[in-house]
Amino acid sequence: GEVKGHPRISLAINGHSIAAFDPFCRKNPATQVLPEEIVRIGDAEVRLQPYVLPHHSRLSASEYDYYQDRSDFISNQGGYVYRNGRLMAWGDWFRLVPKGEATKLARVQIDFPNSLDEDWTIDIKKSRARPPYAVRERLRQIIAKITNRSVTVHRGRGQRLFQETQAPFWERYADHDGIRFAINEQHPIITSLARRLSPNDADLLGTVLDSVAASLPVEMIYSDYSTHPREINQQSVDESQTIERLRSLRQVLYGDGPGDAKAFLQIVRSTHLFDGQIELAEKFISEAFA
Numbered sequence: 002g003e004v005k006g007h008p009r010i011s012l013a014i015n016g017h018s019i020a021a022f023d024p025f026c027r028k029n030p031a032t033q034v035l036p037e038e039i040v041r042i043g044d045a046e047v048r049l050q051p052y053v054l055p056h057h058s059r060l061s062a063s064e065y066d067y068y069q070d071r072s073d074f075i076s077n078q079g080g081y082v083y084r085n086g087r088l089m090a091w092g093d094w095f096r097l098v099p100k101g102e103a104t105k106l107a108r109v110q111i112d113f114p115n116s117l118d119e120d121w122t123i124d125i126k127k128s129r130a131r132p133p134y135a136v137r138e139r140l141r142q143i144i145a146k147i148t149n150r151s152v153t154v155h156r157g158r159g160q161r162l163f164q165e166t167q168a169p170f171w172e173r174y175a176d177h178d179g180i181r182f183a184i185n186e187q188h189p190i191i192t193s194l195a196r197r198l199s200p201n202d203a204d205l206l207g208t209v210l211d212s213v214a215a216s217l218p219v220e221m222i223y224s225d226y227s228t229h230p231r232e233i234n235q236q237s238v239d240e241s242q243t244i245e246r247l248r249s250l251r252q253v254l255y256g257d258g259p260g261d262a263k264a265f266l267q268i269v270r271s272t273h274l275f276d277g278q279i280e281l282a283e284k285f286i287s288e289a290f291a
């Protein structure tokens, strides 16, 4: 454990040291440590230290497994209440906000002395605590700040999908009716294919694309990404299949013509079909467009 003003405690069983669990991931440089805030209640102080954990992509494989094995990120979010340095309660926003994706990376370390037991409404087993009004109100303000940061961290990689290229395959629309995702029918691959079709077949292609977008399994994606984000893998083909796809893509775009190597690479990146195999794609392009 770790208590300010006291030496660090080390535990061992049969000579094997026991590693302490740090719910705030403080050793990772990508963890955001926000300014500590102090709430004074009479002559005593309550210290609130907010953290925003890194996006899972910034965690090493061992770090990710370490935290995921000890409950998922959504369950672990919330305030961690320490009474005289002893952890009493965790994973709770004290009904200030519901647990969800927006706060899944947010944690607040809350330290208070035992002189405030009466103000904290400690239960008889000293395992539950309800913050006093002044602490709840300050925590409400902190939650608003760290929620914005947690959302930014969590959605940051997703936003890049729409920034990496001028021609994304998917487009996001947000209006008063809500948020929806649609396939970009102006993507070079789709427009090239549509030009080869008759008007009736081109209309049919548009209907197929609309159907694919409408049947996007949002709930399933949300569930899998929330609990096992690193297990999601859209690229599961071997080298020969990758080369064959690149050849087909070149044929759709340029036919037997010379083509544009730089533009082709940009389109390849925009599909995300070859993520993890970009070096192979670049090698193919250097040979096919020589």
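Under this note's numbering, the first residue of the sequence shown is numbered 2, with each subsequent residue one higher. Glycine residues also receive a C-beta, built at the ideal position from the N, C-alpha and C atoms.
{"query": "Going residue by residue through the stretch 76–154, where are the continuous alpha helix (DSSP H) segments of at least 4 residues, counting only ones entirely within it?", "result": "118–121"}
{"query": "Using a threshold of 8 Å, state whether the C-beta atoms of PRO117 and LEU54 are closer than that.", "result": "Note that residue 117 is Leu in the sequence shown here, rather than Pro. No. Outside cutoff."}
{"query": "Identify whether GLY207 lies in helix, strand or coil by the three-state DSSP scheme.", "result": "helix"}
{"query": "If we require 4 or more residues per run, which alpha helix (DSSP H) segments fall completely within the stretch 209–254?", "result": "219–228"}
{"query": "In three-state DSSP terms, what is GLN267?", "result": "helix"}
{"query": "What does the alpha-carbon distance come out to for the pair ILE143 and ILE111?", "result": "12 Å"}
{"query": "Is it right to say GLN242 is buried, meaning 16 or more other beta carbons lie within 10 angstroms of its own, or is it exposed?", "result": "exposed"}
{"query": "Let's test the definition: count the other Cβ atoms within 10 Å of the Cβ of PHE275 and tell me whether it reaches 16, buried, or not, exposed.", "result": "buried"}
{"query": "Hey, out of TYR134, ILE147, LEU266 and VAL136, whose CA is closest to GLU102's CA?", "result": "ILE147"}
{"query": "Nearest-angstrom Cα distance between ASP204 and THR192?", "result": "12 Å"}
{"query": "Smallest Cα separation from ARG87: which of ASN115, THR208 and PHE95?", "result": "ASN115"}
{"query": "DSSP has ALA13 in a bridge; who is on the other side?", "result": "SER18"}
{"query": "Which whole-angstrom value describes the C-beta separation of VAL98 and MET89, a residue pair presumed to lie in contact below a C-beta threshold of 8 Å?", "result": "Contact flag wrong, Cβ pair sits at about 20 Å."}
{"query": "Under 8 Å, with one C-beta from each stretch per pair, do the stretch 210–221 and the stretch 181–192 reach the 3-pair mark?", "result": "yes"}
{"query": "By the DSSP assignment, the beta strand (DSSP E) with ARG48 in it spans what residues?", "result": "45–53"}
{"query": "Quick check: what's the CA-CA separation for ILE190 versus GLN278?", "result": "19 Å"}
{"query": "Let me check one thing: in DSSP terms, what residues is ILE42 bridge-paired to?", "result": "ALA45"}
{"query": "Assuming contact is defined by CB atoms lying nearer than 8 Å, are GLN78 and THR104 in contact in what I supplied?", "result": "yes"}
{"query": "Could you check which residue in SER11, HIS188, ALA291 and TRP94 has the C-alpha nearest to that of PRO132?", "result": "TRP94"}
{"query": "Quick check on the burial criterion: 16 or more other C-beta atoms within 10 angstroms. Buried or exposed for ALA13?", "result": "exposed"}
{"query": "Select from TRP91, ALA289, THR208 and ILE222 the residue whose C-alpha is nearest the C-alpha of SER249.", "result": "ALA289"}
{"query": "What do you get for SER271, buried or exposed, if any count of 16 or more other CB atoms within 10 angstroms of its CB means buried?", "result": "buried"}
{"query": "Return the CA-CA distance between ASN201 and GLY260, expressed in angstroms with no decimal places.", "result": "28 Å"}
{"query": "To the nearest angstrom, how far is it from the Cα of LYS28 to the Cα of GLU64?", "result": "10 Å"}
{"query": "Just reading off the beta strand (DSSP E) that ALA31 is part of, what are its end residues?", "result": "No beta strand (DSSP E) contains ALA31, which DSSP labels as neither H nor E."}
{"query": "Using a Cβ-Cβ distance under 8 Å, would ASP261 count as near chain C?", "result": "No chain C appears in this structure, which consists of one protein chain only."}
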